[in-house]
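Enquirer: Protein chains in written order, with our numbering: chain A, 741 to 1336; chain B, 741 to 1336. C-beta: ideal position from N, C-alpha, C; glycine also. I have a structure I would like to understand better, so I am pasting it below and will then ask my questions one at a time.
Protein chains: 2
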Amino acid sequence: MTTINERIEALRAKMKANNIDAFIIPSSDPHQSEYVCDYWKVRVWFSGFTGSAGTLVVTQNEAAMWTDGRYFLQVEDQCADTCVELYKQQIPHAPEHIPWLAEVLNENAVIGIDYRQFSKSQYDYIQCLTSEKNIETKNYPHLLGEIWQDRPELPSDEVKIHPIEFSGESTASKLNKVKAEIKNQKANYYFLSSLDDIAWLFNIRSTDIDFTPLVTAYALVGEEKTYLFSDTSRYNSKTIEIFKQLNVEVLNYDLIAEKLPILSEGKIIVTDAASLNYASFDGIKGEIIFQQSLVQQLKAVKNEVEIENTKKCMLKDGVALTRFYMWLEETLENQELSEYEIGKKLTSYRAEQPLYKDDSFSSIVGYKGNGAIIHYSAPKEGSAMVKKENLLLIDSGGQYENGTTDITRTVWLGGEISDEIKTAYTSVLKGHIELDQMKFPKGTIGIQLDAFARMHLWKQGLNFPHGTGHGIGSYAMVHEPTQGFAGNLATSRGTEAHKPNQFTTIEPGCYKKDTYGIRIENVVVSKELETNSFGTFYGFEAITVFPIDTQLIDKKLLIPSEINWLNNYHKKVYEIISPKLKPSEKDWLKEKCKEI
Amino acid sequence: MTTINERIEALRAKMKANNIDAFIIPSSDPHQSEYVCDYWKVRVWFSGFTGSAGTLVVTQNEAAMWTDGRYFLQVEDQCADTCVELYKQQIPHAPEHIPWLAEVLNENAVIGIDYRQFSKSQYDYIQCLTSEKNIETKNYPHLLGEIWQDRPELPSDEVKIHPIEFSGESTASKLNKVKAEIKNQKANYYFLSSLDDIAWLFNIRSTDIDFTPLVTAYALVGEEKTYLFSDTSRYNSKTIEIFKQLNVEVLNYDLIAEKLPILSEGKIIVTDAASLNYASFDGIKGEIIFQQSLVQQLKAVKNEVEIENTKKCMLKDGVALTRFYMWLEETLENQELSEYEIGKKLTSYRAEQPLYKDDSFSSIVGYKGNGAIIHYSAPKEGSAMVKKENLLLIDSGGQYENGTTDITRTVWLGGEISDEIKTAYTSVLKGHIELDQMKFPKGTIGIQLDAFARMHLWKQGLNFPHGTGHGIGSYAMVHEPTQGFAGNLATSRGTEAHKPNQFTTIEPGCYKKDTYGIRIENVVVSKELETNSFGTFYGFEAITVFPIDTQLIDKKLLIPSEINWLNNYHKKVYEIISPKLKPSEKDWLKEKCKEI
């Protein structure tokens, strides 16, 4: 069975046999993960569409791919010559297919889903919109797998303990914090579904998901005994022994369906509604207390060991980027390079660094107008050819065993720079500096801080269509909740107050369609600066160390404090990276770090 | 019956006779007004406490005055020698007395209230907390009045038409907008309780409330016929005739209780939950659609006539303040003046201006440490004596028949200025300028803009404990919804997006207890600046015209664009005000407006 149309027809046959009128296939896994492992790429397999966001809805007459504006062209391209049709979402991530289904389905129809792929609130939304027509939503956890016969296995690589020299806190200590909250809530268990929460809490890492060293698992933390649902074959005997000492029993992943109802019967369970899937909700037979994940809150505040190790990763990134950009400049003197091969070369320079495991996301290498495509991914075949002229935006990062990095630099490769680009670049830089050196009272939330990164762009009639920054993990997710900088209240990045010792990116930009893309991104760590009669004040310290291109700056637009910031930053960059460099590399870096 | 204790005892006797276990007496009127007329000052009459916020709860054993930190001292002072005891609220305006009541009352107890003084959500909150004990909340609209035998009458002054030369839009045109919304909602009526909404919609003004020219009324706007519940004796025959032409029938205020159930029976009514009292909610016999008041939204955007007239009022304020501050400087050369008499003198200078009706609030005249008390009101007896030294903060405003003003200036009266005060003052000024000259995209909300007024204070480890600004009416309320600048999301001032042609105050400050208070406040009008491919951008224009004290500025802390802003502002101030001044006044103003 090879073609998309054959797959859809097979699904329709199964639907008919089971009296299912519509089947919804979303992009998600059972853990509401940002990226999913191959096993959960069901929507990709049934539609051919590989974008990160989209939902396929199949009826006997339609195969509707719902996605947002970022992916219209990609769907039209990848789903051409199939029965899959593009349905345009007005708002990214909005479940606009549900009202559509409620409209097209008849009274008493049946919708099929895999409960594991839907959160409780998503399920409730379907119920709410379809109850008037008495439409039923039923669970078919095996139906898609019966059709997808060569479906990949669930990840099976070894699960490794993330050592205390990198984590900085023992599993016992972390579990005690969760147990204290269980007691505080007068509950019996804390149930966790988020893979990053579980990886942090148990200090475990593996290779389950591209770019992210997480482990496929559920966890039920009890005051006495704790259950980790994760295939036992993935743990060596030493790890099993360590967990036994902590009263943690490892049970196979699939046992969750059988054990959760038994263990939860008559008990009180604390859990986070945002990551809980409907199958787990349905499986919990006790009382549920919903709470924003405590582990998410704990994990967002880094300890001294994590901070020191991440600084070491930033140094490694700085060395790799120095070598990469030197190579790029030299090579462009004699030849053109495709965006795709530039991305591969960058990965190879990072991979030379100690403890490198992977990139932290698929590098964005955007030349000229491609830099304006926020989530651009240069195709293997036919990506743009880069010459020694104009703007090149590169957003990239590494997963090292001792930390995670994320950096964007926009560089001028040659030729005369227009005033328009200088003004935009300098305004982005001013916004970056404004937020970096801001001092703000305890309680200040993301949307307030976000404004400082935009103000200098706004004054020029410019802006950018994304948040200013996100939390970042420690050898974990590159986009980590909860805090960040966003210009709206729709996510925790806008509403969450910053606390000391959090890692957050500062990445304002400016984009003109088909013309240019500019972004300057550092990771900062937050810290307490001062407590006086007016309150407690926090601030940031940049820990990313790599020069910011000064050719693109219109110095007239900078005030003295901004010039000082830039010169001090470059002084720090040189002091930190240069001891690790060869003489020729030092010279190159010195030139890039010279005072303006 | 004269003492507070006798009043409480009389209330307790009535409660006993009616089997009421607790009576709640809030500060509010039936329209959720910010200030209330004398008739509704029931909480003041029963307790002796005159502060703006507080709720008296009377049982057979207790007379509990619940208020927040601003008023602890005042309650202790005004309620000394009475049976009224202070109960400290942790959070201003929070109904912390309800959980307390739910605790102290027995099963099946009865709470008495006047339904008109409670919004639906306040009533629901009582129900929610007391239902477990089967406590009943009953309506006693006459009980307090039976005890308060010399209770003032409801306002009876003539209701005047606010002429089109000042309002800029006819009642017919405004009513048509409401009728369009009724149609849009497929409803029959729009019900209005807010006095400022009603004053705007019907273009009526009177003297019902101190400092605010509103009319006590309810309105039921129908697609065909409209009812204005407001005592007919207050309208002359010409006004009645104008309304008749518009199919508006004026019915006596008290008839609302009888007519609302009849008119609403079987109908669909749109109304705003925030201003609807529980008596009206109870009286509506049809279906209710809750909606943030459309009139509030319409009213917040001013028309050209309102803008031009308000600018004229700003000029009048500027002339009055020039004369006042000249008098102040001259008088202090030879004598000391009390804060109270300074406030009276300022009122007298405003009163000399054409179309002056009243002050727009009770002037705040705070000398030295008194300036740090945000809602300071200098007492008639024993207010601080002002000498020709140190800081004087004056926040004041006028109600003119063609507009409403609100301005704060902080001036140095003599002696050497400390670096601490210069830094604080200059940081307040920088914040004021930053927000005044900000350019921001459509959709930007109050909490984002508020941050710009604080950033320069934050950088110095300073801050201020109030919002940065509020909407302001046009010969209406000095604190007008919906937009503003606030550092939190608890009010619409933080969450509402700014639109062109709104009046908002910019008033950052800095306060050190017992030491100094600094605030610099202008009114600005918002306007569209530019539309380009990055979006539509708005900005502000200051319309308050009076010099900002330059003695207090530490010029080293200003950047060139800030110095330009200040010099341009002073140039504009002089150009606008000076033609209305006598030669000696012109000289004084010229000196105050000279370039720095």
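Rounding to the nearest angstrom, what Cα-Cα distance links Lys-1056(B) and Thr-1062(B) in this structure?
Expert: What you label residue 1056(B) is simply residue 316 of the second sequence in a count that begins at 1. What you label residue 1062(B) is simply residue 322 of the second sequence in a count that begins at 1. Approximately 10 Å, taken between the alpha carbons.
Enquirer: When the cut-off is 8 Å and only beta carbons count, does Phe-1243(B) lie next to chain A?
Expert: The count along the second sequence starts at 1 and reaches residue 1243(B) at position 503. No, no contact with chain A.
Enquirer: For Asn-879(A), collect the residues of the same chain with a Cβ closer than 6 Å to its Cβ; drop the 5 residues on either side in sequence, then sort them by chain order.
Expert: One-based indexing of the first sequence puts residue 879(A) at position 139. The residues are Tyr-855.
Enquirer: Given that Glu-1270(A) touches chain B, what residues does it touch there, using C-beta distances under 7 Å?
Expert: As a working note, residue 1270(A) is residue 530 in the first sequence. By Cβ distance, chain B contributes Gly-1201.
Enquirer: With H, G and I counted as helix, E and B as strand and the rest as coil, what does DSSP make of Met-1125(A)?
Expert: Taking the first residue of the first sequence as 1, we reach residue 1125(A) at position 385. In the structure shown, Met-1125(A) sits in a strand (DSSP, three-state: E or B).
Enquirer: Given a limit of 9 Å on CB to CB distance, which residues of the segment 1174-1195 of chain A reach chain B?
Expert: Residues Glu-1174, Gln-1177, Met-1178, Lys-1179, Phe-1180, Pro-1181, Gly-1183, Thr-1184, Ile-1185, Ile-1187, Gln-1188, Leu-1189, Asp-1190, Ala-1191, Phe-1192, Arg-1194 and Met-1195.
Enquirer: By DSSP, does Ala-1040(B) sit in helix, in strand, or in coil?
Expert: As a position in the second sequence, residue 1040(B) is number 300, starting the count at 1. Helix at Ala-1040(B).
Enquirer: Can Ile-1288(A) and Ile-1317(A) be called in contact, C-beta distance under 8 Å?
Expert: The count along the first sequence starts at 1 and reaches residue 1288(A) at position 548. The count along the first sequence starts at 1 and reaches residue 1317(A) at position 577. No, they are not a contact pair.
Enquirer: Measure from the C-beta of Ile-1299(A) to each C-beta in chain B and report whether the shortest distance is under 8 Å.
Expert: As a first step, residue 1299(A) is located in the first sequence; it is residue number 559 there, counting from the start. So yes, Ile-1299(A) belongs to the interface.
Enquirer: Could you pull out every residue in the same chain whose Cβ sits closer than 7 Å to the Cβ of Ile-1028(B), ignoring the five residues on either side in sequence?
Expert: Here residue 1028(B) is taken as the residue at index 288 of the second sequence, counted from 1. Cβ within range, chain order: Ile-1009 and Thr-1011.
Enquirer: Pairing CB atoms from the segment 759-777 of chain A with CB atoms from the segment 932-952 of chain A, are three or more of them under 8 Å?
Expert: Yes: at least three Cβ pairs fall under 8 Å.
Enquirer: Buried or exposed: where does Phe-1180(A) fall if 16 or more other Cβ atoms within 10 Å of its Cβ makes it buried?
Expert: Taking the first residue of the first sequence as position 1, residue 1180(A) is located at position 440. Phe-1180(A) is buried by the Cβ-count criterion.
Enquirer: Does the count of Cβ pairs from the segment 1213-1221 of chain A and the segment 1201-1218 of chain B closer than 8 Å reach three?
Expert: Flag = no, the segment 1213-1221 of chain A and the segment 1201-1218 of chain B do not touch.
Enquirer: Nearest CA to the CA of His-1172(B): which residue from Asn-916(B), Ile-1303(B) and Gly-1109(B)?
Expert: Against the second sequence, residue 1172(B) aligns to sequence position 432. Of the candidates Asn-916(B), Ile-1303(B) and Gly-1109(B), the one whose C-alpha sits nearest the C-alpha of His-1172(B) is Ile-1303(B).
Enquirer: Roughly how many angstroms separate the alpha carbons of Pro-895(B) and Ile-1293(B), rounded to a whole number?
Expert: For the purposes of this step, residue 895(B) is taken as residue 155 along the second sequence, with counting starting at 1. For the purposes of this step, residue 1293(B) is taken as residue 553 along the second sequence, with counting starting at 1. Spanning the two alpha carbons is a distance of roughly 48 Å.
Enquirer: Quick one: give me the first and last residue of the beta strand (DSSP E) that Trp-806(B) is part of.
Expert: Position 66 of the second sequence, counted from the start, is the residue given in the question as residue 806(B). Run containing Trp-806(B): 803-807, per the beta strand (DSSP E) assignment.
Enquirer: Going by beta-carbon coordinates alone, are Lys-999(B) and Tyr-967(B) separated by less than 8 Å?
Expert: Residue 999(B) sits at position 259 when you count from the first residue of the second sequence. Residue 967(B) sits at position 227 when you count from the first residue of the second sequence. Taking 8 Å as the Cβ cut-off, Lys-999(B) and Tyr-967(B) qualify as a contacting pair.
Enquirer: Runs of 4 residues minimum, wholly inside the segment 1037-1121 of chain B: which ones carry the alpha helix (DSSP H) assignment?
Expert: As far as the segment 1037-1121 of chain B is concerned, its whole alpha helix (DSSP H) runs of at least 4 residues are 1044-1074 and 1079-1091.
Enquirer: With three or more beta-carbon pairs closer than 8 Å as the criterion, would you say the segment 1249-1260 of chain A touches the segment 975-988 of chain A?
Expert: Touching, no, given that fewer than three Cβ pairs across the two stretches are closer than 8 Å.
Enquirer: Which residues of the segment 1273-1294 of chain B have a Cβ closer than 8 Å to any Cβ of chain A? Give them in chain order.
Expert: Result list: Ser-1273, Phe-1274, Gly-1275 and Phe-1277.
Enquirer: What does a CB cutoff of less than 6 Å around Phe-931(B) pick up in its chain, not counting 5 residues either side in sequence?
Expert: Taking the second sequence and counting its residues from 1, one reaches residue 931(B) at position 191. Closer than 6 Å at Cβ, skipping near neighbours: Leu-960, Ile-1009 and Thr-1011.
Enquirer: What does Ile-1181(B) pair with, by DSSP beta-bridge criteria?
Expert: Translated into positions along the second sequence, residue 1181(B) becomes position 441. It should be noted that the sequence gives Pro, not Ile, for residue 1181(B). Bridge partners of Pro-1181(B): Phe-1277(B).
Enquirer: If you measure beta-carbon to beta-carbon, which residues of the segment 1302-1324 of chain B are closer than 7 Å to chain A?
Expert: Taking 7 Å as the Cβ-Cβ cut-off against chain A, none of the residues of the segment 1302-1324 of chain B qualify.
Enquirer: Under 8 Å between C-beta atoms, does Lys-1067(A) make it to chain B?
Expert: In the first sequence, residue 1067(A) corresponds to position 327, counting from 1. The question names Lys, yet the displayed sequence has Trp at residue 1067(A). No - not a single Cβ of chain B is within 8 Å of the one on Trp-1067(A).
Enquirer: Quick one: list the residues of chain B neighbouring Trp-888(A), beta-carbon separation under 8 Å, in chain order.
Expert: Within the first sequence, residue 888(A) is the residue found at index 148, counting from 1. None at all; the shortest Cβ gap to chain B is about 43 Å.
Enquirer: Determine, using beta carbons only, whether Ser-1103(A) and Asp-1135(A) come nearer to each other than 8 Å.
Expert: Here residue 1103(A) refers to the residue found at position 363 when the first sequence is read from its first residue. Here residue 1135(A) refers to the residue found at position 395 when the first sequence is read from its first residue. For Ser-1103(A) and Asp-1135(A), yes; Cβs fall inside 8 Å.
Enquirer: If you follow the beta strand (DSSP E) that Ile-1147(B) is part of, which residue opens it and which one closes it?
Expert: Numbered from 1 along the second sequence, position 407 holds the residue referred to as residue 1147(B). It spans 1147-1152 - the beta strand (DSSP E) in which Ile-1147(B) sits, taken as one unbroken run.
Enquirer: Using the beta-carbon count (16 or more within 10 Å), is Phe-1030(A) buried or exposed?
Expert: On the first sequence, position 290 is the one that residue 1030(A) refers to. Under this definition Phe-1030(A) is an exposed residue.
Enquirer: With 8 Å set as the bound, which would you pick, yes or no: does the beta-carbon of Trp-1198(B) sit closer than that to a beta-carbon of chain A?
Expert: Reading the second sequence from its first residue, position 458 is the one you call residue 1198(B). With 8 Å as the cut-off, Trp-1198(B) counts as an interface residue toward chain A.
Enquirer: Is there contact here, the segment 1187-1197 of chain B with the segment 1217-1234 of chain B, by at least three beta-carbon pairs under 8 Å?
Expert: Short answer: they touch.
Enquirer: Whole angstroms is fine: what's the gap from His-1115(B)'s alpha carbon to Ser-933(A)'s?
Expert: Position 375 of the second sequence, counting from 1, holds the residue named residue 1115(B). Position 193 of the first sequence, counting from 1, holds the residue named residue 933(A). Approximately 50 Å, taken between the alpha carbons.
Enquirer: Quick check: the Cα distance between Asn-1017(A) and Lys-978(A), rounded to an integer number of angstroms?
Expert: In the first sequence, the residue the question calls residue 1017(A) occupies position 277. In the first sequence, the residue the question calls residue 978(A) occupies position 238. The straight-line gap from Cα to Cα measures roughly 32 Å.
Enquirer: Identify the residues that DSSP records as bridge partners of Asp-1135(A): which are they?
Expert: For this step, residue 1135(A) is matched to residue 395 along the first sequence. Note: Asp-1135(A) sits in a beta bridge opposite Ile-1104(A) and Thr-1148(A).
Enquirer: For Gln-1032(A), count neighbouring C-beta atoms within 10 Å of its own C-beta (all shown protein chains included) and say buried if the count is 16 or more, exposed if not.
Expert: Taking the first sequence and counting its residues from 1, the one referred to as residue 1032(A) is at position 292. So Gln-1032(A) counts as exposed.
Enquirer: Which residues does DSSP list as the beta-bridge partners of Ala-1282(A)?
Expert: In the first sequence, counting from the first residue as 1, residue 1282(A) sits at position 542. BP columns for Ala-1282(A) point to Val-1264(A).
Enquirer: Report the residue from Thr-1271(A), Ser-1100(A), Lys-1084(A) and Thr-870(A) whose alpha carbon sits nearest the alpha carbon of Gly-1143(A).
Expert: Your numbering for residue 1143(A) matches position 403 in the first sequence. Minimum Cα distance to Gly-1143(A) is reached at Ser-1100(A).
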